[in-house]
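Counting with our numbering, you get residues 25 to 673 for the letters of the sequence shown.
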Amino acid sequence: MSAEIEQVPSPPAGTSNTLYVSNRPPLAPSPLVKLPIGSIRPKGWLLEQLELMRNGFTGRLPELSRFLGEDSGWITFKGPGWEEMPYWLKGYADLGYILKDPGIIAAAKKWLDLAFRSQQEDGFIGPPENRKGNDLWPNMLVLTCLQSLYEATGDERVLPFLGRYFRFEYNLPEQDLLPGSWQKLRGGENLESVYWLYNRTGEAFLLELARRIYERTADWESEIISPARDRNWEASGFYHGVNIAMGFRYPAVYYQQSRNRTLLDATERNYNLVMDLYGQQPGGMFGADENIRPGYGDPRQGAETCSMVEFMYSHEALLKITGETRHADRCEEIAFNSLPAAMTPDLRGLHYLTAPNLISCDSSGEHDFQNGGTLVSFDPWSYRCCQHNAAFGWPYFAEHLWLATSDNGLAAVLYAPSEVSARVGGGADIQVLEDTAYPFGDHIDFTVRTPEAVDFPLYLRIPDWAGHAAISINGKMVQDKLRPGLYARIRRGWTGGDRVRLSFSPEIRAKVWEKMGNSVSIRRGPLWFSLQIGEQWKRYGGTDAWPAYEVLPTTPWNYGLVVDPGRPEASISLADRKPPAGQPFTPEAAPITLKARARRLPGWKAEGRMVGKVPVGPVVSSEPEMEVTLIPMGCARLRIASFPLIVRK
Ligand SMILES: [Zn+2]
């Protein structure tokens, strides 16, 4: 039995998977294709997130949200019903399908049945009030809910229902299709759903509709950031953080139809443009405390929870379109380092803004954010959009751990403990068990289950940070010089019980952010690290069942790191490791901690309740050098993850 390992940038671009619904010509073939919901069973820490969601604010949001009451326009078909219900349903229903939870599936079906019933003669759906401005934005979210329903259950109503709705859109006079506001900025969501249906029915009018939708959507091909918009940032929908997290991918979505590769370049250019100015920080996000604001790019500005889940999804979508591993790296960076800190560990509360440097999650408005009022305290009742939209973050992440490949293989693209059932090769049904503590552990064990021998390519992503990665098969090392940023493709006649181990040897690295005062951040593998700060959880509101908390610091935070960025291992080392158990994203449960050398910087002070800007380094401190503990950023609700740099003499 011989194994063949090759490194490739993507599964082949010229062919299509023949076992799962893929892009139908003339759309460009997808190198990676989503498996139907239910194919992937999360395990370990990821399953824990989903189970906490079930019992947390997502699973019980109808008890909390005034937008999910009996007077919702999505129930009465009278009065208002906007984005909140479908934002929530998009994640809530998928949570039910992934967990195979009959209660959630039944509760979601009630809302979905109402969506079916809402369809009018001409195909319009949803609360009639949304017709007034031809506001199609909330319906774009409903479309994704129906796609999930179809993938999970094969509900026969879905395809004709979507077909009638897209006929309605097709028949709209041009000026009434995405006339303005959010729907115009977010039309690419609608575009994806049109392709989804086209791939299943092949009706030609859908491609014409897709072309019109793209042309009527705001221009995300041009550079997002410009001097003219800088001068008028408050007025530009292009500067809204959530819009950016969604909109930057739309040219790449339309590339599938136009086949014009400059659209892929436009998406990448705008990603880099935004990150270059506002993303000079660990955690994969960019600072947009509502909007990106010129002059407010430092790591205390914070990213809205909605922008995290939308940015993660955009990276998941780009991964399927391009096959390139960098999109998976970007998605994991947000999932492991930013998203967990946006919630309470029990997932029963959330906040609006999360920043790499955040020293007080209080309920005051004494922060220099664009919006006033409470934005960083944890509350199950507030934060209208995020409270609903956060629901799809972990479920969509779980649905994209494994993807089918264009050559009828299987790719492990995002890593987390899981089990996948999939059809491969000539049509054989197999399972692969993925056993790992990743991102907290350094190796991943895959076990193939198949009743008979089967040939298919297995793709394993080698992350961009992986300087040393090795693969052994059935205990025998077969490749120990894997290059980061590519896939390892293993072609082989697989038999039941075959085991593949992918192992990493992550180094501790120091990233210097030259544009942010030479501040320094520490990473090891997929995790970034922040100072361990004592947390006082103080209830300030809510109810006994659903309390709202401030999280206040009980230990000093104003440390600079004493580190040689070229040789961080000289002053930073692994302190403690333990297998993740329960909810790992807390300071106490952190499965991996580091020891570092630091000095206090008495001149670095809070501004109101907000951390001051990171002093420009290298800085000097006459305070004594001491040891501090660093924990994964995702485990910390109070954080310093971009440190002033103190050069070790
Ligand atoms: Zn939000």
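Where is the CB? At the ideal position from N, CA and C, for every residue including glycine. Source: prediction; values computed, not measured.
> Which one of Arg155, Pro604, Pro184 has the shortest CA to CA distance from Gly68?
Replying inline: Pro604
>> If we require 3 or more residues per run, which beta strand (DSSP E) segments fall completely within the stretch 618–660?
In response: Whole beta strand (DSSP E) segments, 3+ residues: 650–656.
> Just to check, is the beta-carbon of Pro328 closer than 6 Å to a non-hydrogen atom of ligand 1?
Replying inline: It should be pointed out that residue 328 corresponds to Glu in this sequence rather than to Pro. A heavy atom of ligand 1 is found nearer than 6 Å to the CB of Glu328.
> Secondary structure at Gly509, three-state DSSP: helix, strand or coil?
Replying inline: coil
> Any idea what DSSP makes of Phe553, helix, strand or coil?
Replying inline: strand
> Would a C-beta distance cut-off of 7 Å place Phe553 and Leu654 closer than the cut-off?
Replying inline: yes
>> Give the list of continuous alpha helix (DSSP H) stretches no shorter than 4 residues that lie fully inside the stretch 350–433.
In response: 350–361, 408–413, 417–423
> Using the rule of at least 16 other Cβ atoms within 10 Å of the residue's Cβ for burial, across every protein chain shown, is Pro184 buried or exposed?
Replying inline: Result: exposed.
> Is there at least one non-hydrogen atom of ligand 1 closer than 6 Å to the beta-carbon of Cys659?
Replying inline: no
> So Tyr564 is in the beta strand (DSSP E); what residue range does that whole segment cover?
Replying inline: In the DSSP assignment, Tyr564 falls within the beta strand (DSSP E) that extends over 559–566.
>> Starting from Trp537, trace the beta strand (DSSP E) in both directions and tell me its first and last residue.
In response: Taken as a continuous stretch (DSSP letters only), the beta strand (DSSP E) holding Trp537 covers 532–537.
> In angstroms, rounded to a whole number, what distance separates the CA positions of Glu227 and His412?
Replying inline: 33 Å
> Based on the DSSP secondary-structure assignment, which residues constitute the bridge partners of Ile670?
Replying inline: Val586
>> Output needed for Glu30: all residues of its chain with C-beta closer than 8 Å, excluding positions within five of it in sequence on either side, in chain order.
In response: Ala512, Arg513, Arg515
> Given a threshold of 16 other Cβ atoms within 10 Å of its Cβ, counted over all protein chains shown, does Asn195 qualify as buried or as exposed?
Replying inline: exposed
> What's the gap between the Cα of Thr579 and the Cα of Gly558?
Replying inline: Taking the straight line joining both Cα atoms gives about 5 Å.
>> Here's the rule I'm using: 16 or more other beta-carbon atoms within 10 Å means buried, otherwise exposed. How should Ala259 be labelled?
In response: exposed
> alpha helix (DSSP H) containing Arg78: first to last residue?
Replying inline: It spans 68–79 - the alpha helix (DSSP H) in which Arg78 sits, taken as one unbroken run.
> Any chance the stretch 421–440 sits against the stretch 388–405, with 3 or more Cβ pairs inside 8 Å?
Replying inline: no
>> Taking only three categories from DSSP, how would you classify Leu576?
In response: In the structure shown, Leu576 adopts extended strand secondary structure according to DSSP, grouped into three states.
> Which residue from Arg48, Pro49, Pro53 puts its Cα closest to that of Asp431?
Replying inline: Pro53
> Considering only C-alpha positions, which residue in the set Asn158, Phe480, Ile268 is nearest to Glu675?
Replying inline: The requested residue 675 does not occur in the structure, where the chain is confined to residues 25 to 673.
> Is there at least one non-hydrogen atom of ligand 1 closer than 6 Å to the beta-carbon of Cys169?
Replying inline: no
> Per DSSP, His264 is paired with what?
Replying inline: Answer is Asn315, bridged to His264.
> So what's Ala599 in DSSP terms, helix, strand or just coil?
Replying inline: Ala599: strand per DSSP, three-state reduction.
> For Ser545, does the three-state DSSP call read helix, strand or coil?
Replying inline: strand
>> Are the CB atoms of Glu180 and Gly97 within a distance shorter than 7 Å?
In response: At the C-beta level, Gly97 and Glu180 stay beyond 7 Å of one another.
>> Rounded to whole angstroms, what is the Cα-Cα separation between Gly204 and Met164?
In response: 15 Å
> With a cut-off of 8 Å, do at least 3 Cβ pairs link the stretch 332–344 to the stretch 451–470?
Replying inline: no
> On the premise that Ala422 lies in contact with Leu76, defined as a C-beta separation below 8 Å, what is that separation, rounded to the nearest angstrom?
Replying inline: Not a contact, Cβ separation roughly 13 Å.
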